[in-house]
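For reference, the structure is listed below as structure tokens.
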Amino acid sequence: MKNHKLALFGAIILFALYLTAIFADFFAPYSFDTEKRQKAYHPPVKIHFDPMPYVYDYKVEFHEGIKTFTPVIDKKYYIKFFSKGRLFGVDEPANIFILGSDWNGRDILSRIIYGGRISLSVGLIGIFISLFLGLAAGGISGYFGGITDNVFMRLVELLMCFPSFYLMLALRAVFPISMSSTSVYIMITVILAFIGWPSLARVIRGMVLSLKAREYVLAAKSLGGNTSRILFRHILPQTFSYAIVSATLSIPGYILSESALSLLGLGITEPHTSWGNMLNRAMSISDMQLHPWILWPGIFICVTVAAFNFLGDGLRDMLDPKKCHEA
Amino acid sequence: MSSEQILEIKNLKVSFFSNKTEIPVIRGIDFAIGKGKIMALVGESGCGKTMTAMSILGLLPHNTSIVSGEVLFDGKEISKYSDRQLQKIRGKEISLIFQEPGLALNPVYTIGNQIGEVVKLHNRSVKNVKKETIRLLNAVRIPNPEQRINAYPHELSGGMQQRALIAMAIAGQPKLIIADEPTTALDVTVQAQILILLKEIVRELNTSVLLITHDLGIVAEVADTAAVMYAGKIVEFGNVYDIFHSPTHPYTKGLLASIPRLDKKQKRQS
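Just so you know, the sequences run in chain order V and L. Here the first sequence stands for residues 1 to 327, numbered as in our numbering. Here the second sequence stands for residues 1001 to 1270, numbered as in our numbering.
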């Protein structure tokens, strides 16, 4: 880890993001569905220090059809830490919208933190499923060869030649649009995993082809090991270093795909939140111009994807014995 | 007589099949190994020694198969056995020791783990696998077995790796051990140690060994009987004493004459 500062940096960022998402009830100042309708599109509030941090309440006014927010500097609202089971918060009527609020007056930061639960876990669960499918299909195909190999590889090619986004939309269309948010979420992960395994299976198959000719595989056979033992204990573990790196590097793809689906309104639906679904509103140019803070989820997506890539690159360098001496 | 033999091979023929042409590798061989005896199979590279071993265990490469003949192990004809039936024999009744211990051990598991795997597979009555593994490491004279159990193959020397492999081979308490050039990858002093170990194990466990080698020195040292193989045929078979003192086949004579000797002046061949 020492020589891979970027990877360490990525790992720390991801750790922080996952931690806040897991303990969203503690870190987020509001619940994901707390609405302050009068304070819709509230700009980020300024935090003052005296030296304790405090915020002002904001007054809403309309000037020529445009909503303006001006701080009411008569009263200071001190930020209260560890109150009501949350990390921080302020008393009513002031609001602590650090990253502003959305069209329903919901805190963007809180929604990002809660949305991270979905956006960050979809990649992990998806990759677990596709890793499993890819390892199993690639392993079986490479080990048995012949007809089995042919069948699996043609299936892989079939899946790969589908444009993945249309396949995603088509699979989504098979299920009713009025499903609950949780089942939609589970479905999205499964759909993504279903699209994700073929390329992995292909590489694993190639590795298994070369690994099965190793002498220790013959040794395991000669000592009475059966097929599943040889495949799952002696061949597949050798491919793990590749599989782990490939998994880390493909998680961003899952996060982006989920965002894309939710952005199109096919994924997580209101009032539940995910990063893609929060960006849904940012598709309108006028909204984006007037309230640029609704783009924050996009920045979180960028940071997460970059962090995963840093981590994956670092892991690859660390696990690749051929690169050890170059660095 | 036959009950005294652990393994009998009768008129075994093995061929490669490529592009529908048959290339015979083993052209009808016969030999037998007595219980508790060490038999050496000697011959030059490519004469079919390893193929003989692999056909006993049913591990021939996929384009190779037994054409005719019988492999009688403990009185049972095993050459017609299915893969599943053979699986029960491999490691439990017959086990194999490889030429390159460094390649035959899986690099990602500790040797304790790999020996334990064989113990768990073939000796289900053993409750304490770790204890049994340590006992096996002791049996193959690996010092400090309690610590070595956690060593990975690359942390051991070639001789130690071969000992670990022998421990795996004897874990199932097999009746026959096939040692395919077990000392070729080792230097001469370690070779001697491994051969002595093999001999001791045979005495302690009362197993038989089929020792495949091209080194006549090894044959003289450990084997009871020997078969000389040449181009897929056994040209001479008998006890070691007879073969060394009164070879009948010209190939055996040539083989014996090719051993460099210190006590006789020989013409240097260019």
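All C-beta atoms in this analysis are idealised placements derived from N, C-alpha and C, irrespective of residue type, glycine included.
So what's residue i in DSSP terms, helix, strand or just coil?
i: H234 of chain V; result: helix
i: G196 of chain V; result: helix
i: I1259 of chain L; result: coil
i: Y1152 of chain L; result: coil
i: I177 of chain V; result: coil
i: I1078 of chain L; result: coil
i: D1187 of chain L; result: coil
i: L1041 of chain L; result: strand
i: T1064 of chain L; result: strand
i: E215 of chain V; result: helix
i: S101 of chain V; result: strand
i: E35 of chain V; result: coil
i: Y114 of chain V; result: helix
i: E1070 of chain L; result: strand
i: F165 of chain V; result: helix
i: F23 of chain V; result: coil
i: G85 of chain V; result: coil
i: A1171 of chain L; result: helix
i: D1180 of chain L; result: strand
i: I188 of chain V; result: helix
i: A1053 of chain L; result: helix
i: G1034 of chain L; result: strand
i: D107 of chain V; result: strand
i: A201 of chain V; result: helix
i: S141 of chain V; result: helix
Spell out whether any CB of chain L is found under 7 Å from the CB atom of residue i.
i: N95 of chain V; result: no
i: N226 of chain V; result: yes
i: L120 of chain V; result: no
i: K39 of chain V; result: no
i: E326 of chain V; result: In this prediction, E326 of chain V has a pLDDT of 45, which is less than 50 and means its spatial position is unreliable; what the coordinates show is noted afterwards. Not one chain L Cβ lies under 7 Å of E326 of chain V.
i: L14 of chain V; result: no
i: S141 of chain V; result: no
i: L315 of chain V; result: no
i: Y319 of chain V; result: The sequence shown places Leu at residue 319 of chain V, not Tyr. For L319 of chain V, the answer is no, since every Cβ of chain L falls outside 7 Å of its Cβ.
i: K36 of chain V; result: no
i: L223 of chain V; result: yes
i: L19 of chain V; result: no
i: H272 of chain V; result: no
i: H234 of chain V; result: yes
i: I230 of chain V; result: no
Shorter than 7 Å from the beta carbon of residue i to some beta carbon of chain V?
i: R1090 of chain L; result: yes
i: V1118 of chain L; result: yes
i: V1108 of chain L; result: yes
i: G1085 of chain L; result: Note on residue identity: the sequence assigns Gln, not Gly, to residue 1085 of chain L. It does not; no Cβ of chain V falls within 7 Å.
i: A1179 of chain L; result: no
i: A1185 of chain L; result: no
i: S1018 of chain L; result: no
i: F1098 of chain L; result: yes
i: A1053 of chain L; result: no
i: S1095 of chain L; result: yes
i: L1007 of chain L; result: no
i: L1176 of chain L; result: no
i: L1198 of chain L; result: no
i: A1192 of chain L; result: no
i: A1257 of chain L; result: no
i: L1041 of chain L; result: no
i: L1012 of chain L; result: no
i: L1205 of chain L; result: no
i: M1001 of chain L; result: Model confidence at M1001 of chain L stands at a pLDDT of 43, short of 50, so the residue's coordinates are unreliable; what they give is reported in the following sentence. Closer than 7 Å: no.
ask   = Is the segment 1105-1124 of chain L in contact with the segment 1149-1161 of chain L, if contact means three or more CB pairs nearer than 8 Å?
value = yes
task = Select from the segment 203-218 of chain V all residues with a C-beta closer than 9 Å to any C-beta belonging to chain L, and list them in chain order.
result = R214, E215, Y216, V217, L218
Proximal residues, the segment 237-253 of chain V versus chain L, C-beta separation under 7 Å = P237, Q238
request  = Would you list, in sequence order, the uninterrupted alpha helix (DSSP H) runs of no fewer than 4 residues that lie entirely inside the segment 1087-1157 of chain L?
outcome  = 1101-1104, 1111-1122, 1129-1139, 1145-1148
query = Which parts of the segment 1198-1246 of chain L are runs of the beta strand (DSSP E), unbroken and 3 residues or longer, counting only runs that do not cross its ends?
reply = Those beta strand (DSSP E) runs which fall completely within the segment 1198-1246 of chain L and span 3+ residues are 1208-1213, 1225-1230, 1233-1239.
key: Cβ contact check for the segment 1185-1201 of chain L and the segment 1003-1023 of chain L: 3 or more pairs under 8 Å   = no
inquiry  = Under 8 Å, CB to CB, which of the residues in the segment 1124-1157 of chain L have a partner in chain V?
reply    = Those residues of the segment 1124-1157 of chain L placed with their C-beta closer than 8 Å to a C-beta in chain V do not exist.
request  = Name, going along the chain, the residues of the segment 1158-1172 of chain L whose beta-carbon falls closer than 9 Å to a beta-carbon of chain V.
outcome  = L1165, M1168, A1169, A1171, G1172
request  = Taking 8 Å as the threshold, find out whether the segment 89-97 of chain V comes into contact with the segment 55-65 of chain V through three or more Cβ pairs.
outcome  = yes
key: 3-residue-minimum beta strand (DSSP E) runs that sit fully inside the segment 37-83 of chain V, ordered along the chain   = 53-63, 66-78
Beta strand (DSSP E) runs contained entirely in the segment 1002-1030 of chain L, provided each spans 3 or more residues = 1005-1018
task = Using a Cβ-Cβ cut-off of less than 9 Å, list which residues of the segment 39-60 of chain V approach chain L; keep chain order.
result = none
request  = Specify whether the segment 206-223 of chain V and the segment 264-281 of chain V touch according to this definition: at least 3 beta carbon pairs, one from each stretch, less than 8 Å apart.
outcome  = Touching, no.
message = Under 8 Å: do the segment 91-110 of chain V and the segment 189-199 of chain V share three or more Cβ pairs, one atom per stretch?
response = Not touching, per the Cβ criterion.
key: Segment contact, 8 Å Cβ cut-off, at least three pairs: the segment 1241-1259 of chain L with the segment 1052-1062 of chain L   = no
message = Would the segment 1150-1165 of chain L count as touching the segment 1095-1102 of chain L if we require 3 or more Cβ pairs under 8 Å?
response = Yes, the segment 1150-1165 of chain L touches the segment 1095-1102 of chain L.
request  = Could you run through the segment 1210-1234 of chain L and flag, in chain order, every residue whose CB is less than 8 Å away from some CB of chain V?
outcome  = Answer in chain order: no residues at all.
ask   = Just by C-beta distance, which residues in the segment 1055-1067 of chain L are closer than 8 Å to chain V?
value = L1057, L1059
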